[in-house]
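Scroll down for the structure; my scribbles are underneath it.
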Amino acid sequence: MHIVLVEPEIPGNTGNIARLCAATGCKLHLVRPLGFSVEDKYLKRAGLDYWHLVDISYYDSVEEVLEKYQTNTKYLLTTKAHKRYTDVAYDKESLLIFGKETAGLPEKLRLAYKESCVRIPMIGEARSLNLSNSVAIVAYEALRQQNDFAGLIV
């Protein structure tokens, strides 16, 4: 499973997501520009001592990621989608693509992959969920679909 963060802005969120990737074996892809230094103390603290377990790659554009993984199934998480994240079938090489905290995914990307856009249900008055919470919700559903958390201690 691949977690792609497009221009993440908050170091604590990215650190939490890195820790999730370490605990689940998901590969983490970070698309620049990042809103923080990878040496940021909040990033490091949120990831605790799990950094050696994280398979992490950096890219200069989301197009670079999409080109490298062009045959992988892609799911773009956005509040603009009409399909729920539980209504799709994830495979072990799916890319779960999340946008930055303040703006989400670029409209151009959402339109290019309209049928691959999914959302997490919430009340209408809520704008969005925290990025690290959103990643955890969707990643664990995807992992549950992989033969009931295959490869993880349950």
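Just so you know, full-length UniProt numbering puts the end of the sequence shown at 154, numbered straight through with nothing missing.
Here a beta-carbon is modelled for each residue, glycine too, at the ideal position from N, C-alpha and C.
Using DSSP bridges, identify the partner residues of residue 26.
-> Residue 26 pairs with nothing; no bridge assigned.
Among residues of its own chain, excluding the 5 on either side of residue 85, which ones have a beta-carbon nearer than 8 Å to its beta-carbon?
-> 75, 77, 118, 119, 120, 137, 138, 141
So residue 9 and residue 35 are in contact, right, with Cβ under 8 Å, and what is the actual spacing, rounded?
-> 3 Å
Collapsed DSSP secondary structure at residue 104 in the structure displayed | strand
Helix, strand or coil: how does DSSP classify residue 140 here?
-> helix
In this structure, does DSSP put residue 111 in helix, strand or coil?
-> helix
Residue(s) in a DSSP beta bridge with residue 59 | 31
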